[in-house]
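A.B. asks: So that we are looking at the same thing, I have put the structure below in structure tokens.
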Amino acid sequence: MALTLIVLLPFVGALLPGLMIRAGRNGCALATGAVTLLAFVLLMSQAPAVFAGEVVHARWEWLPAIGLDANFFLDGLGFLFAGLILGIGLLIITYARFYLSRNDPMGQFYTYLLLFQGAMVGIVLCDNILLLLIFWELTSLSSFLLIGYWKHLPEGRQGARMALAVTGMGGLAMIAGMLILGEIAGSYDLSTILQEGEAIRASQWYVPALILILLGCFTKSAQFPFHFWLPHAMAAPTPVSAYLHSATMVKAGIFLMARLWPVLAGTDWWFYIVATTGLFTMVMAAWIALFKDDLKGLLAFSTVSHLALITFLFGLGTPIAAVAGVFHIINHASFKAALFMTAGIIDHETGTRDIKKLGGLMVLMPITMTIATLAALSMAGVPLLNGFLTKEMMLHEALHTEWAGVPWLLGAAAVVGAIFSVAYSFRYIAHVFLGPKRDDYPHHPHDPPFGMYLPPLILIVPVVLIGLFPAAVAGPLVAVAADAVTGGNLPDYHLAIWHGFNLTLVSSLAALALGAFLLWRHRQANAVRLSVPRPEAKRIFETLVDGAAAGARLFTDGLHNGSLRRYLAVMIGACILAGATAFLNASHAPGGRELTHVPIITLLAWAVLIGACVTIVIFHRQRLLTLVIVGVVGMLVSLGFVYLSAPDLALTQISVEVVTVILLLLALNFLPKQTPRDSGTGRRLRDGLLAGLGGLGVGGIIYAVMTRDFTTISDFHLAQSKPGGGGTNVVNVILVDFRGFDTFGEIIVLGIAALAIYALLDGALNGPAVKRLRSWVPDQERARDRHPMMLVVATRVMLPLSLMVGLFIFLRGHNEPGGGFIAGLVVAIAFLMQYMASGFGWAERRMKIDYHLLIGWGVLAAGFTGVGAWIAGRPFLTSDFAHVHLPVFGDFELATAMAFDVGVFLTVVGSVMVALANLSRLARVTEGPISDDPMDVDPQRRGPGTGMPDAAHTGKAEG
Amino acid sequence: MELLVASAVGAMTASGLYLVLRARTFPVIVGLAMLSYAVNVFLFATGRLAIDLPPVISDTAEAYTDPLPQALVLTAIVISFGMTAVIVVLALRAYLESGTDEIDTAAGECEAGQPNADTSHAAEGAEAGR
Chain A
1 MALTLIVLLP
11 FVGALLPGLM
21 IRAGRNGCAL
31 ATGAVTLLAF
41 VLLMSQAPAV
51 FAGEVVHARW
61 EWLPAIGLDA
71 NFFLDGLGFL
81 FAGLILGIGL
91 LIITYARFYL
101 SRNDPMGQFY
111 TYLLLFQGAM
121 VGIVLCDNIL
131 LLLIFWELTS
141 LSSFLLIGYW
151 KHLPEGRQGA
161 RMALAVTGMG
171 GLAMIAGMLI
181 LGEIAGSYDL
191 STILQEGEAI
201 RASQWYVPAL
211 ILILLGCFTK
221 SAQFPFHFWL
231 PHAMAAPTPV
241 SAYLHSATMV
251 KAGIFLMARL
261 WPVLAGTDWW
271 FYIVATTGLF
281 TMVMAAWIAL
291 FKDDLKGLLA
301 FSTVSHLALI
311 TFLFGLGTPI
321 AAVAGVFHII
331 NHASFKAALF
341 MTAGIIDHET
351 GTRDIKKLGG
361 LMVLMPITMT
371 IATLAALSMA
381 GVPLLNGFLT
391 KEMMLHEALH
401 TEWAGVPWLL
411 GAAAVVGAIF
421 SVAYSFRYIA
431 HVFLGPKRDD
441 YPHHPHDPPF
451 GMYLPPLILI
461 VPVVLIGLFP
471 AAVAGPLVAV
481 AADAVTGGNL
491 PDYHLAIWHG
501 FNLTLVSSLA
511 ALALGAFLLW
521 RHRQANAVRL
531 SVPRPEAKRI
541 FETLVDGAAA
551 GARLFTDGLH
561 NGSLRRYLAV
571 MIGACILAGA
581 TAFLNASHAP
591 GGRELTHVPI
601 ITLLAWAVLI
611 GACVTIVIFH
621 RQRLLTLVIV
631 GVVGMLVSLG
641 FVYLSAPDLA
651 LTQISVEVVT
661 VILLLLALNF
671 LPKQTPRDSG
681 TGRRLRDGLL
691 AGLGGLGVGG
701 IIYAVMTRDF
711 TTISDFHLAQ
721 SKPGGGGTNV
731 VNVILVDFRG
741 FDTFGEIIVL
751 GIAALAIYAL
761 LDGALNGPAV
771 KRLRSWVPDQ
781 ERARDRHPMM
791 LVVATRVMLP
801 LSLMVGLFIF
811 LRGHNEPGGG
821 FIAGLVVAIA
831 FLMQYMASGF
841 GWAERRMKID
851 YHLLIGWGVL
861 AAGFTGVGAW
871 IAGRPFLTSD
881 FAHVHLPVFG
891 DFELATAMAF
901 DVGVFLTVVG
911 SVMVALANLS
921 RLARVTEGPI
931 SDDPMDVDPQ
941 RRGPGTGMPD
951 AAHTGKAEG
Chain B
1 MELLVASAVG
11 AMTASGLYLV
21 LRARTFPVIV
31 GLAMLSYAVN
41 VFLFATGRLA
51 IDLPPVISDT
61 AEAYTDPLPQ
71 ALVLTAIVIS
81 FGMTAVIVVL
91 ALRAYLESGT
101 DEIDTAAGEC
111 EAGQPNADTS
121 HAAEGAEAGR
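Chains as they are written, first to last, in full-length UniProt numbering: chain A, 1 to 959; chain B, 1 to 130.
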């Protein structure tokens, strides 16, 4: 439990800085520090168990189906790393409080930092490689935020992007590697995988897995040829650099190599890839570091070099080298974090990080100078400091290992690397602090406030103490961590300063002397460097990225030319292809179901329908004619529904048909009445082929379906309709009861569609659309009789009748064909008739209902009916019904589903009216002021006695 | 009867597909309406064809047709109407904004000499700006 908490704390705590920044910068830093401190204390509470050799587990099943569990475990290695991450994190938080200026958003900084910290702790504590991958990617993402923290600096953004690209790509490779590893081991649990070393190394998939995982490690830990991102990440604020490049981010790759050491190490592949890369990177980066004039640049390359040293040690594959590697992780973290912080202090106080502009700071910044000197000497490997111990161990291993049969190669290269390392470490002291005091520093340098030099000072304590008493101070920690790395095969070793006068000591001392000499001859060495070609990694990287982007653009532009017709044709073609593939790979036995007979009348209807389909294709450019044919098709479909025992569908289809045709007519009022011929013959042939094949396919499928017997779940609905739902019309009962939730969702969709129409048309009343409308010239001759008297009179007489029919259809819906949908459509049509006959202005003034509200009330009514079931203690939308006896109407059931159906009814009426009324509102803009009169001819002017006023009077009363 | 229904579905699908591949908005809308018919009848027919067996419970009926596809199709009809309405209005608005009812004007998709080529490009800009 404590483990899970340690991992979760930073993530949860990441919310705090953003809130606490309102309490000031100190409050913000304190809150952040408190989170980290708490996690650190929790970790330390596990220390006794870890030092006793126990492995602490915390397990929580997350997605067992894919082997992804949130398992955590804490052994020596995890303890070491988590301690470094949280401990140094605490110092960084303190340091950053004083480093960041008032203009920097501190809350953001600490939030990113804690996210990053959580991800790192997750990597080192998790016991599942899938989970590890998640945390791994999280570190890439959160370090991107941290490196790019100064968004205003282009270097910061570029550096962040490069770091993300490189480490992210490595992460992708690693995902593949980890999946292979998990497949070989048969489990994604690290604890299990660590037991399967033999099997994994023997597997034929070992080499691909190794290479893919190493890609992840090398990119993260900045090993050649992926080292170039790290120096560019130095554009980050110094606390970030100190954190990412000493104890955390780049150590993740090292950690993973250490973690998987028992599984992957010990083979030739491992040795030649890892040790060679490590040694080469070490020498190369040390050489570059020597000539970096930027303090942080120098430290960046020295970091690459030291990471490479650790990589090299792990790469050797011997347990004793692994011990040295673990030990150097501790030493490097301590002196490198301290060095980064002093670099930040110098930058902060003098205003520059350029070594060429520095020098002589010894007198001005004595405290900083002491800290930096101790740390740099340790980095150089000077005796009595911790760096010396591991450098000795490394040299000893290198001198005593042969590479491809050459015994001296590794030793010589390691000594050369050590010489460079000494030289750049001394340079950090000599060219910054020694020499004459200058008078051209950008600021007046002096030692920083206490809070700023305290963190590096604390880090210097272990540098010195471990250097003096290695076995006593670091011994136990190195032992438990190395024990975990070597998988329990801890060799016999002792950490000591004096191992006797031997080859290692000689070469170590020689490296110190030669390094000092090289620094003395720095100018000449630089001339040598400038004379050899130096590939610029950043430019190569950018060329690669640009090339990839250009390729992708070419590809995308080639495929997406912006033609929707083309996409549609491709989609239809793909569907046909998929269907054809399935069809050709299956058997084609005829179905066994008995076919229904064909009376002559249906044959006729069928012929008309096919004819209509052909006509619509041929004459589709005559738009009004098209509309008529659409009506014919809809009518035939409804007739088909009637014939095939679907009265509800027939009613719905025919009323929807009416509304659709009116809608299309209204739209066609504005659209061109003819479609010009746009497509060439080839294109029409292609479309015809696609359409023909599609039609054939769909027809074939439904024929195959209809000629086969089937089992249905509808027997339940048929049996339960009356006793369970209280209605005999099963279709309606399914809609409002069994599948009420679906219907509820559907009326909401319908309402949204209506509101979208409103939004679209309301927006058309502004901008270029309304100008076009105002200057509209009707492209067809208008009827002289705008509101024919016959129509006005007829619709007014029909209105009450139609409403009555609507009510009737609604009420009988539960037991006979009908229901809310159909009733809603019928009533909407009745209203629409008034608009059409008497004009929008006249009807609008008499219609007191807000259609938008109607939609809202409809959805609410349906919803409340559903909620009502809760009150009765039953699930949402459970219906209930009772038998009621009314004197005149007789016996009938009153179901709560009826209330639901009211909701459906209201929504349908509202939606249809919103859609169509807004279309006619648009039309009004084109026609100028509209008279309020229902008829073009006022019957009253002709005097009484014609009967017309009565009709008008009736209409007004109804409206 | 099965053959008639299947061929009708096929014919409606084919004409619908052909129309949605046209270059102007109105045929596309009509094509979608035709496709809606086809899809609705298709869904309905998956419940198999039955004559004179309405799914209304009564004491005299011997058998019933499958009510479930009918319920599905009933909602589908209404939803298709909603969809058609939105597309019609979308097409109308696009036409009013840009002065053309072309679907697209990508290179090679329209024959040369289209009168509205320029205005529709302006429309694309307005579309992107929104």
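Quick reminder that beta carbons are idealized off the backbone N, C-alpha and C, glycines included.
These figures come from a predicted structure and were not determined experimentally.
Just the C-alpha distance for proline 788 (chain A) and alanine 794 (chain A), rounded to the nearest angstrom, thanks.
C.D. replies: Near 10 Å, if we compare the C-alpha coordinates of alanine 794 (chain A) and proline 788 (chain A).
A.B. asks: Just how far apart, CA to CA, sit isoleucine 610 (chain A) and alanine 8 (chain B)?
C.D. replies: Taking the straight line joining both Cα atoms gives about 6 Å.
A.B. asks: Starting from valine 56 (chain A) and walking both ways along the beta strand (DSSP E), at which residues does that stretch end?
C.D. replies: Run containing valine 56 (chain A): 56-58, per the beta strand (DSSP E) assignment.
A.B. asks: Under the rule that 16 or more other beta-carbon atoms within 10 Å means buried, what is lysine 151 (chain A), buried or exposed?
C.D. replies: With fewer than 16 Cβ atoms within 10 Å of its Cβ, lysine 151 (chain A) is classed as exposed.
A.B. asks: Per the DSSP calculation, tryptophan 150 (chain A) is bridged to which residue(s)?
C.D. replies: Answer is none; tryptophan 150 (chain A) lacks a bridge partner.
A.B. asks: Please confirm if the stretch 836-851 of chain A is in contact with the stretch 903-923 of chain A, defined as three or more CB-CB distances below 8 Å between the two stretches.
C.D. replies: Yes, the stretch 836-851 of chain A touches the stretch 903-923 of chain A.
A.B. asks: Confirm the yes/no value for this check: CB of glycine 591 (chain A), any heavy atom of the ligand FMN, distance under 6 Å.
C.D. replies: By its list of ligands, the structure shown contains no ligand whatsoever, and the ligand FMN lies outside what it can speak to.
A.B. asks: With three or more C-beta pairs closer than 8 Å as the rule, is the stretch 813-830 of chain A touching the stretch 902-910 of chain A?
C.D. replies: Segments in contact, yes.
A.B. asks: Determine the direct distance from the alpha carbon of phenylalanine 42 (chain B) to that of tryptophan 136 (chain A), and round the result to whole angstroms.
C.D. replies: Whole-angstrom Cα-Cα distance: 50 Å.
A.B. asks: Going by the CB atoms, is the gap between serine 378 (chain A) and valine 263 (chain A) shorter than 7 Å?
C.D. replies: Not a contact, by the Cβ cut-off of 7 Å.
A.B. asks: State buried or exposed for tryptophan 229 (chain A), treating a residue as buried only when at least 16 other CB atoms are found within 10 Å of its CB.
C.D. replies: Tryptophan 229 (chain A) is buried by the Cβ-count criterion.
A.B. asks: Start and end of the alpha helix (DSSP H) containing leucine 74 (chain A)?
C.D. replies: Taken as a continuous stretch (DSSP letters only), leucine 74 (chain A) belongs to no alpha helix (DSSP H), being part of the beta strand (DSSP E) at 72-74.
A.B. asks: Run through chain A and tell me which residues come within less than 7 Å of residue 143 (chain B), C-beta to C-beta.
C.D. replies: Residue coverage of chain B in this structure runs from 1 to 130, which leaves residue 143 (chain B) outside it and unanswerable.
A.B. asks: Which residues of the stretch 568-583 of chain A have a Cβ closer than 9 Å to any Cβ of chain B? Give them in chain order.
C.D. replies: Cβ contacts with chain B: Leu568, Ala569 and Ile572.
A.B. asks: Looking only at its own chain, which residues have a Cβ that is under 7 Å from the Cβ of valine 73 (chain B), when we skip the five neighbours before and after it?
C.D. replies: Counting only Cβ-Cβ distances below 7 Å, and skipping sequence neighbours, we find Asn40, Leu43 and Phe44.
A.B. asks: Note the first and the last residue of the continuous alpha helix (DSSP H) segment covering threonine 626 (chain A).
C.D. replies: Per DSSP, threonine 626 (chain A) belongs to the alpha helix (DSSP H) from 623-643.
A.B. asks: Report the three-state DSSP secondary structure of glutamate 183 (chain A) (helix, strand or coil).
C.D. replies: It is helical.
A.B. asks: Between serine 15 (chain B) and chain A, is there a C-beta pair that is closer than 7 Å?
C.D. replies: It does; some Cβ of chain A falls within 7 Å.
A.B. asks: So, at 7 Å on beta carbons, what are the nonlocal neighbours of serine 191 (chain A) in its own chain, with the 5 sequence-adjacent residues on each side left out?
C.D. replies: These residues qualify, in order along the chain: Phe73 and Asp127.
A.B. asks: For chain B, is any of its Cβ atoms less than 7 Å away from the one on threonine 954 (chain A)?
C.D. replies: Unreliable positioning characterises threonine 954 (chain A) in this predicted model, as indicated by a pLDDT of 43, which lies under 50. The coordinate reading is nonetheless provided below. No, its Cβ sits nowhere closer than 7 Å to a Cβ of chain B.
A.B. asks: From glycine 76 (chain A) to serine 101 (chain A), what does the alpha carbon distance come to, in whole angstroms?
C.D. replies: Distance between the alpha carbons of glycine 76 (chain A) and serine 101 (chain A) is about 38 Å.
A.B. asks: Kindly list the residues whose CB is nearer than 6 Å to the CB of threonine 13 (chain B), restricted to its own chain and excluding five residues on each side of it in sequence; keep chain order.
C.D. replies: Ala38.
A.B. asks: List, in order along the chain, the chain B residues whose C-beta lies closer than 7 Å to that of glutamine 653 (chain A)?
C.D. replies: Those are Ile77, listed as they occur along chain B.
A.B. asks: Hey, is the stretch 380-399 of chain A in contact with the stretch 407-416 of chain A, meaning 3+ C-beta pairs nearer than 8 Å?
C.D. replies: Touching, yes.
A.B. asks: To the nearest angstrom, how far is it from the Cα of isoleucine 629 (chain A) to the Cα of phenylalanine 900 (chain A)?
C.D. replies: Rounded to whole angstroms, isoleucine 629 (chain A) to phenylalanine 900 (chain A) spans 36 Å at the Cα level.
A.B. asks: Does the beta carbon of phenylalanine 821 (chain A) sit closer than 7 Å to a beta carbon anywhere in chain B?
C.D. replies: For phenylalanine 821 (chain A), the answer is yes, since a Cβ of chain B falls inside 7 Å of its Cβ.
A.B. asks: What residues in its chain sit with their C-beta under 6 Å from that of proline 383 (chain A), if we drop five residues either side in the sequence?
C.D. replies: Cβ within range, chain order: n/a, list empty.
A.B. asks: May I ask you to list the residues that DSSP assigns as paired with asparagine 40 (chain B)?
C.D. replies: Note: asparagine 40 (chain B) sits in no beta bridge, so no partner.
A.B. asks: Evaluate contact between the stretch 51-69 of chain A and the stretch 181-195 of chain A, counting only Cβ atoms and requiring at least three cross-stretch pairs below 8 Å.
C.D. replies: The answer is yes - the stretch 181-195 of chain A touches the stretch 51-69 of chain A, with three or more Cβ pairs under 8 Å.
A.B. asks: Note down, in chain order, each residue of its chain lying with its Cβ closer than 7 Å to the Cβ of alanine 550 (chain A), except the 5 sequence neighbours on either side.
C.D. replies: There are no such residues.
A.B. asks: At what residues does the alpha helix (DSSP H) containing threonine 238 (chain A) begin and finish?
C.D. replies: Where threonine 238 (chain A) is concerned, the enclosing alpha helix (DSSP H) stretches over 238-242.
A.B. asks: Skipping 5 residues on each side, what residues in its chain have a beta carbon closer than 8 Å to that of leucine 42 (chain A)?
C.D. replies: Result list for leucine 42 (chain A): Ala2, Leu5, Ile6 and Leu9, in chain order.
A.B. asks: According to DSSP, simplified to helix, strand and coil, what is aspartate 268 (chain A)?
C.D. replies: DSSP places aspartate 268 (chain A) in helix when its eight states are reduced to three.
A.B. asks: Just tell me which of B:Ile87, B:Leu68 and B:Ala23 has its CA closest to the CA of tyrosine 567 (chain A).
C.D. replies: Of the listed residues, the one whose Cα sits closest to tyrosine 567 (chain A) is B:Ala23.
A.B. asks: Assuming glycine 31 (chain B) and leucine 19 (chain B) form a contact by the criterion Cβ under 8 Å, report the distance between their Cβ atoms to the nearest whole angstrom.
C.D. replies: With a Cβ gap of about 3 Å, glycine 31 (chain B) and leucine 19 (chain B) count as contacting.
A.B. asks: In whole angstroms, give me the CA-to-CA distance for threonine 60 (chain B) and leucine 53 (chain B).
C.D. replies: Straight-line Cα distance between these residues: approximately 11 Å.
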